[in-house]
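For reference, the structure is listed below as structure tokens.
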Amino acid sequence: MLVKAARSRHGGFHTPVVASVGPDGLPEVRTVVLRNAARDRAELTFHTDRRSPKIAQLKTQPRVQWLFYDAHARTQLRIDAFAEIFADGPVKEARWEASHPMSRECYRVALPPSTEVDRPESIPEPLPDGHEHFSVVRTRVVSIDWLYLHHEGHRRARFDYGEAGIRASWLVP
Ligand SMILES: Cc1cc2nc3c(=O)[nH]c(=O)nc-3n(C[C@H](O)[C@H](O)[C@H](O)COP(=O)(O)O)c2cc1C
Numbered sequence: 669m670l671v672k673a674a675r676s677r678h679g680g681f682h683t684p685v686v687a688s689v690g691p692d693g694l695p696e697v698r699t700v701v702l703r704n705a706a707r708d709r710a711e712l713t714f715h716t717d718r719r720s721p722k723i724a725q726l727k728t729q730p731r732v733q734w735l736f737y738d739a740h741a742r743t744q745l746r747i748d749a750f751a752e753i754f755a756d757g758p759v760k761e762a763r764w765e766a767s768h769p770m771s772r773e774c775y776r777v778a779l780p781p782s783t784e785v786d787r788p789e790s791i792p793e794p795l796p797d798g799h800e801h802f803s804v805v806r807t808r809v810v811s812i813d814w815l816y817l818h819h820e821g822h823r824r825a826r827f828d829y830g831e832a833g834i835r836a837s838w839l840v841p
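Sequential numbering of the sequence shown, starting at 669, is according to this note's numbering.
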């Protein structure tokens, strides 16, 4: 489902929520687009502006929790992962090359995301190119909490990703 969701705009898993830890130790959540899911390497990827607060947060505490919910599939996933930032280098370049021109537009904004402005119109003209600000956050899955809602009884399971493989266990929903 995750591999499919990264490739298709349709379906609830395409726009998950990613939580990080803020500078005050409090949770910070935001919606992102799931850009890639690599099943063999247990990796999930999103793109962001390297100037955004979440990048600073991940540098301090490189841990995230993903939240996926697909109402149609009645499935929720809560995924703990380690985050790695690629602001330069081949991983970034490959994803920049593959990204749609429309998606690249966001990175042309002249001021860093979250900068306070007097009025929405007072943001300076966009930069000619957003390449410098584009960055990739690739996360490695530590565990998955899977919840499937069913009228005859919900199902919940946990998958722990370790050196020796994946350990699966049922949980009380
Ligand atoms: C549907 C949707 C998709 C979004 N996708 C992204 C994304 O892929 N990357 C991103 O940085 N922000 C994305 N955003 C904006 C974030 O939710 C957030 O507002 C922004 O990144 C600022 O987050 P921060 O202040 O925690 O850094 C998206 C928002 C929505 C509503």
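Even glycine gets a Cβ: it sits at the ideal position worked out from N, Cα and C.
Over what stretch of residues does the alpha helix (DSSP H) that includes residue i continue unbroken?
i, result
"residue 771", "769-772"
"residue 843", "Nothing can be reported for residue 843: it is not among the residues displayed for the chain, which extend from 669 to 841."
"residue 765", "758-766"
"residue 685", "Element bounds for residue 685: not the alpha helix (DSSP H) but the beta strand (DSSP E), 685-689."
"residue 671", "670-675"
Heavy atom of ligand 1 less than 8 Å from the Cβ of residue i, yes or no?
i, result
"residue 721", "yes"
"residue 718", "no"
"residue 696", "yes"
"residue 714", "yes"
"residue 700", "yes"
"residue 703", "yes"
"residue 728", "no"
"residue 683", "yes"
"residue 781", "yes"
"residue 676", "no"
Residue i and residue j look like a contact to me (Cβ under 8 Å); what is the Cβ gap, rounded to whole Å?
i, j, result
"residue 807", "residue 697", "Not quite, the Cβ-Cβ distance comes to about 15 Å (not below 8 Å), so this is no contact."
"residue 778", "residue 789", "The Cβ separation is near 13 Å, so there is no contact."
Tell me, which residues are paired with residue i by DSSP?
i, result
"residue 711", "706, 808"
"residue 781", "In DSSP, residue 781 forms no bridge with anything."
"residue 753", "805"
"residue 747", "734, 812"
"residue 827", "812, 836"
"residue 717", "802"
Check for me: the beta strand (DSSP E) holding residue i runs from which residue to which?
i, result
"residue 836", "833-839"
"residue 696", "695-699"
"residue 741", "It is not in any beta strand (DSSP E) - residue 741 carries neither H nor E in the DSSP assignment."
inquiry  = For the segment 741-754 against the segment 765-775, do three or more pairs of beta-carbon atoms, one drawn from each stretch, fall closer than 8 Å, so that the two count as touching?
reply    = no
message = Quick test of the definition: if touching needs 3 or more C-beta pairs under 8 Å, does the segment 783-796 touch the segment 687-706?
response = no
query = So does the segment 740-747 actually touch the segment 807-818, counting three or more Cβ pairs closer than 8 Å?
reply = yes
message = For the pair the segment 692-706 and the segment 787-798, tell me if three or more CB-CB distances fall below 8 Å.
response = With a cut-off of 8 Å, the segment 787-798 and the segment 692-706 do not count as touching, because too few Cβ pairs lie within range.
query = Hey, is the segment 669-681 in contact with the segment 717-731, meaning 3+ C-beta pairs nearer than 8 Å?
reply = no
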